[in-house]
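Asker: Below is one structure. I have some questions about it.
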Amino acid sequence: MALIFITGASDGLGRALATALAEQGHHLIVHGRNAARLADVAARTGATPILADLSSLAEVRRLADAVPDGLDVLVNNAGVGFGAPGADRELSADGYELRLAVNYLAPYLLTRQLLPRMVRDTPARIVNVASVGQRPFDLADPMLERGYDGVEAYRRSKLALIAHTFDLAEELAGTLITANCLHPASLMPTTMVREAGWGEIDTLEKGLRATLRLVVDPELTAVTGRYFDGEREARALDQAYDPEFRKRLRELTESLIGR
Numbered sequence: 008m009a010l011i012f013i014t015g016a017s018d019g020l021g022r023a024l025a026t027a028l029a030e031q032g033h034h035l036i037v038h039g040r041n042a043a044r045l046a047d048v049a050a051r052t053g054a055t056p057i058l059a060d061l062s063s064l065a066e067v068r069r070l071a072d073a074v075p076d077g078l079d080v081l082v083n084n085a086g087v088g089f090g091a092p093g094a095d096r097e098l099s100a101d102g103y104e105l106r107l108a109v110n111y112l113a114p115y116l117l118t119r120q121l122l123p124r125m126v127r128d129t130p131a132r133i134v135n136v137a138s139v140g141q142r143p144f145d146l147a148d149p150m151l152e153r154g155y156d157g158v159e160a161y162r163r164s165k166l167a168l169i170a171h172t173f174d175l176a177e178e179l180a181g182t183l184i185t186a187n188c189l190h191p192a193s194l195m196p197t198t199m200v201r202e203a204g205w206g207e208i209d210t211l212e213k214g215l216r217a218t219l220r221l222v223v224d225p226e227l228t229a230v231t232g233r234y235f236d237g238e239r240e241a242r243a244l245d246q247a248y249d250p251e252f253r254k255r256l257r258e259l260t261e262s263l264i265g266r
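Residue numbers (our numbering): 8 to 266.
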């Protein structure tokens, strides 16, 4: 059975994913930022819990240090949603726009910290939970200081995560590590959707099926560098495929996490 690490596993899709994988007999490490909910998931699944606030890059590094060697799958699922309607711009512990920090910088850094321990002679997978709601990322205003909107911030952060996934797949070509991303389902009944005040569209089960497929389906062992909309391979926003944009985004990201 695989050793699988899921961020954002104390609620919503992450919790459902942990439950399903535990039922299949996999060994789990689960992350969350709510101690009580995380402890409950760990008790129900037999997982090893690690508490961390991904809005802090120092906490991301501490989280990575706590993950043991031998990881087979990394699922970057944790995220901050649209926020309440009309909510003000929020900053991370490092002074960065919160959605950029949690939805993009945190999984970028966490993956970078874990990669040296994932490169070995057996297949491993990186699965990034993104969104069909993508917007072009403005490299001149990465912190969305002009005309802030929570939905726009969320969608830009997910575009950045998709672009990073494609970068990873190219970087890891020739290894046994794959990197893929997906939009699990639209507006599932989760805390972040309820907070935003948007109506539900898809069931949690639909998103779970799509995510499980990327995590464990043997037919996807060698599939990498893809974006999926549910269980169907799809095309992300054009910007995510632009090599020059990805280069500049990577340079910006390294400058931000290098503090």
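All C-beta atoms, glycine included, are put in the ideal place defined by N, C-alpha and C.
Out of curiosity, what's the CA-to-CA distance linking Arg-239 and Asn-84?
Answerer: Locating residue 239 in the sequence shown gives position 232, where the first residue counts as 1. Locating residue 84 in the sequence shown gives position 77, where the first residue counts as 1. Rounded to the nearest angstrom, the two C-alpha atoms are 19 Å apart.
Asker: Can you grab the Cα-Cα spacing for the pair Arg-142 / Leu-61, in whole Å?
Answerer: Numbered from its first residue, the sequence shown carries residue 142 at position 135. Numbered from its first residue, the sequence shown carries residue 61 at position 54. Taking the straight line from one Cα to the other gives about 22 Å.
Asker: What number of angstroms, rounded off, separates the C-alpha of Ala-229 from the C-alpha of Gly-93?
Answerer: Taking the sequence shown and counting its residues from 1, one reaches residue 229 at position 222. Taking the sequence shown and counting its residues from 1, one reaches residue 93 at position 86. If I take the Cα positions, the gap works out to 43 Å.
Asker: Considering only the beta carbon of each residue, do Ala-50 and Val-223 sit closer than 9 Å?
Answerer: Residue 50 sits at position 43 when you count from the first residue of the sequence shown. Residue 223 sits at position 216 when you count from the first residue of the sequence shown. Going by C-beta atoms, Ala-50 is not nearer than 9 Å to Val-223.
Asker: Sorted by chain position, which residues of the same chain lie with C-beta nearer than 6 Å to Ser-164's C-beta, five sequence neighbours on each side aside?
Answerer: Here residue 164 refers to the residue found at position 157 when the sequence shown is read from its first residue. Here the set comprises Arg-106, Leu-107, Asn-110 and Tyr-111.
Asker: Arg-68 to Ala-241, Cα distance in whole Å?
Answerer: Residue 68 sits at position 61 when you count from the first residue of the sequence shown. Residue 241 sits at position 234 when you count from the first residue of the sequence shown. Those two C-alpha atoms are separated by around 32 Å.
Asker: Put Arg-239 into one of helix, strand or coil per three-state DSSP.
Answerer: On the sequence shown, position 232 is the one that residue 239 refers to. Three-state result, Arg-239: strand.
Asker: Is it the case that the Cβ atoms of Pro-75 and Ile-36 are separated by a distance below 9 Å?
Answerer: Within the sequence shown, the letter at position 68 stands for residue 75. Within the sequence shown, the letter at position 29 stands for residue 36. The answer is yes: Cβ separation under 9 Å.
Asker: Mind reading off the beta-carbon distance from Gly-52 to Thr-14? Whole number of angstroms is fine, and I expect it under 8 Å.
Answerer: Numbered from 1 along the sequence shown, position 45 holds the residue referred to as residue 52. Numbered from 1 along the sequence shown, position 7 holds the residue referred to as residue 14. Here residue 52 is Thr; the residue named in the question, Gly, does not match the sequence. With a Cβ gap of about 15 Å, Thr-52 and Thr-14 do not count as contacting.
Asker: Whole angstroms is fine: what's the gap from Ala-23's alpha carbon to Leu-215's?
Answerer: For the purposes of this step, residue 23 is identified with residue 16 of the sequence shown, where counting begins at 1. For the purposes of this step, residue 215 is identified with residue 208 of the sequence shown, where counting begins at 1. Near 7 Å, if we compare the C-alpha coordinates of Leu-215 and Ala-23.
Asker: List the endpoints of the continuous alpha helix (DSSP H) containing Thr-26.
Answerer: Within the sequence shown, the letter at position 19 stands for residue 26. First-last of the alpha helix (DSSP H) with Thr-26: 19-30.
Asker: Who are the near neighbours of Arg-139 in its chain, counting only those whose CB is closer than 6 Å to its CB and skipping five residues on each side?
Answerer: Position 132 of the sequence shown, counting from 1, holds the residue named residue 139. The question names Arg, but residue 139 is Val in the sequence shown. Same-chain partners within the cutoff: His-190 and Asp-236.
Asker: Would you call the segment 148-164 and the segment 173-184 in contact, with 3 or more CB pairs under 8 Å?
Answerer: no
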